[in-house]
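What follows is one structure encoded as structure tokens, with my remarks underneath.
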Amino acid sequence: MKSLSPDAPQRVGPVAGLAALMAELGSDPDAACRSVGICVDDLDPDNRLPFALIVQLLDRSAQLAGCPHLGLLLGMRYDHRSLGVVGALMSHAPTLSVALDDFVGSQISNSRGAVVYLHRLGTDYALGYGIYDRQLPGASQIYDLGLAIGCNLVRTLTNGRFWPTEVLIGHSPSDDIRPYAEFFKVPIRFNQNQSCVIISGEALTAKVEDADTGERRRILDQVRELMRLELGGWAARVRHRIRPALLEGLPSMPSIADQLGLHPKALARLLSREGTTFRSLLADVRGVTARELLATTDLPIGDIAAALAYANHGAFVHAFRQWTGVSPSTWRQATMAISR
1 MKSLSPDAPQ
11 RVGPVAGLAA
21 LMAELGSDPD
31 AACRSVGICV
41 DDLDPDNRLP
51 FALIVQLLDR
61 SAQLAGCPHL
71 GLLLGMRYDH
81 RSLGVVGALM
91 SHAPTLSVAL
101 DDFVGSQISN
111 SRGAVVYLHR
121 LGTDYALGYG
131 IYDRQLPGAS
141 QIYDLGLAIG
151 CNLVRTLTNG
161 RFWPTEVLIG
171 HSPSDDIRPY
181 AEFFKVPIRF
191 NQNQSCVIIS
201 GEALTAKVED
211 ADTGERRRIL
221 DQVRELMRLE
231 LGGWAARVRH
241 RIRPALLEGL
251 PSMPSIADQL
261 GLHPKALARL
271 LSREGTTFRS
281 LLADVRGVTA
291 RELLATTDLP
301 IGDIAAALAY
311 ANHGAFVHAF
321 RQWTGVSPST
331 WRQATMAISR
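Heads up, the sequence shown is in the UniProt record's numbering, so the first residue is 1 and it goes up one at a time.
Structure follows, in structure tokens:
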């Protein structure tokens with residue numbers, strides 16, 4: 001397995017298919033790769049590249065190809081089998097529910113820039129994807145890719161019996177949303193505070209055909225070893241937990257410590273050794289998510305404040321000024337002007 005950088009937390013996975021897609025669209029994949037400082041040969045599924053570079057590559061490719069839904073087209077070609085050993089583990093889960101738990105629990109071994117989560121919504125579930133590394137221009141491409149893969153893996157793991165019932169997309173719609181409607185074939189809501197596919201509770205009980213218990217045990221040992229090698233420091237693990245927790249309210253140190261199997265004081269000591277605190281990490285993730293929602297959606301400022309678990313609009317504006325020196329509305333206007 002190659003790596004171009006000591007800080008290379010993202011497995012290339014399905015992005016390996018970008019060169020073929022670009023060629024089909026009549027665009028030059030070499031030019032796209034050169035624009036971010038890599039070559040096409042670096043797009044090996046098991047290679048690891050910086051998360052921000054992969055997002056930049058997808059965005060640049062969409063621009064060069066004149067295809068605003070390039071991420072969707074790429075994701076349509078893949079399912080869990082593009083996820084390496086994590087996908088192999090999912091293939092041998094007894095049910096879709098266990099397979100999704102495998103995905104959520106092991107995904108950090110594939111990426112330390114974004115998180116996969118599964119939240120209960122009444123009798124349904126939201127399988128979502130959220131960036132926490134930094135606010136990245138062009139992130140809509142990787143969100144679309146993730147949503148398409150999410151739909152496909154539900155279908156494949158249930159042998160075609162189930163498909164998501166709704167899709168929520170955390171960016172504004174492009175001028176032509178027909179490609180989204182044609183692929184998803186269920187209600188789609190743009191400008192949401194998260195990117196996720198909604199799955200029925202019934203679907204989660206579906207058995208995974210051809211699952212092999214012995215093979216699952218063997219692959220699980222591989223996943224555990226990969227997790228040991230790829231987890232990174234405690235700060236990375238905490239950030240990974242904070243991003244989805246924000247969707248359910250304000251995360252607390254005790255709740256995140258409990259998820260990590262630690263006492264809050266023990267977690268505080270571990271973070272201190274890495275030169276940070278839970279409060280600082282929470283502010284970082286809130287800041288990243290705030291800038292992303294301001295840049296990629298048309299959500300009102302008050303809705304973004306609520307999505308980030310601020311008590312009120314004023315508290316969010318105050319925090320945002322501390323991060324950036326300007327108000328959320330001023331920052332959004334400046335970002336929109338640059339993007340034009």
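Note that beta-carbon positions come from the ideal geometry of N, C-alpha and C, so glycine has one too.
Fair warning: this is a prediction, and the values are worked out from it, not measured in the lab.
Item, Value
"Complete alpha helix (DSSP H) runs within the stretch 292–316 (minimum length 4 residues, chain order)", "301–307"
"DSSP bridge partner residues for residue 119 (one or two, in chain order)", "126"
"Close beta carbons around residue 347, own chain, < 8 Å, minus the five adjacent residues each side", "A query on residue 347 cannot be resolved here, the shown segment of the chain reaching from 1 to 340 and no further."
"Three-state secondary structure (DSSP) of residue 167", "strand"
"Residues that residue 49 bridges to, as DSSP identifies them", "10"
"Proximity to residue 154 [Cα-Cα], best of 260, 50, 311, 99", "99"
"Closest by C-alpha distance to residue 293, when choosing among 214, 333, 61", "333"
"Of the residues 314, 298, 307, the one placed nearest residue 335, counting alpha carbons only", "298"
"Buried or exposed by the 16-neighbour rule on C-beta atoms within 10 Å, applied to residue 314", "exposed"
"Straight-line Cα distance separating residue 130 from residue 308", "13 Å"
"Option nearest residue 147 by Cα separation, candidates 290, 95, 198, 105", "198"
"Assigned exposure category for residue 69 - 16 Cβ within 10 Å defines buried", "buried"
"Boundaries (first-last residue) of the beta strand (DSSP E) holding residue 197", "195–200"
"Enclosing alpha helix (DSSP H) for residue 261 [first to last residue]", "Per DSSP, residue 261 belongs to no alpha helix (DSSP H) and is neither H nor E."
"C-alpha distance - residue 245 paired with residue 28, whole-angstrom precision", "40 Å"
"Neighbour-count burial assignment, residue 326, 16 or more Cβ in a 10 Å radius", "exposed"
"Residues near residue 18 by beta carbon distance below 8 Å, same chain, minus five either side", "29, 32, 43, 57, 58, 61, 74"
"Beta bridge counterpart(s) of residue 95 as assigned by DSSP", "207"
"Beta-ladder partner(s) of residue 114, from DSSP", "131"
"Residue range of the alpha helix (DSSP H) that includes residue 182", "178–184"
"Cut-off 8 Å between Cβ atoms - residues of its own chain near residue 201, not counting five sequence neighbours on either side", "123, 124, 125"
"Inter-residue CB distance, residue 222 and residue 85 (contact presumed, cutoff 8 Å)", "5 Å"
"Residue 77, DSSP secondary structure in three states", "coil"
"Per DSSP, the bridge partner or partners of residue 54", "Partner(s): none; residue 54 has no beta bridge."
"Residue 87 versus residue 9 - alpha carbon distance", "17 Å"
"Buried or exposed (CB count within 10 angstroms, at least 16 for buried), residue 266", "exposed"
"Alpha-carbon to alpha-carbon, residue 157 and residue 211", "10 Å"
"For residue 237: DSSP bridge partner residues", "BP columns for residue 237 are empty, so no partner."
"Limits of the unbroken alpha helix (DSSP H) element including residue 29", "29–35"
"Rounded C-alpha distance that separates residue 280 from residue 45", "34 Å"
"For residue 189, the three-state DSSP class (helix, strand or coil)", "strand"
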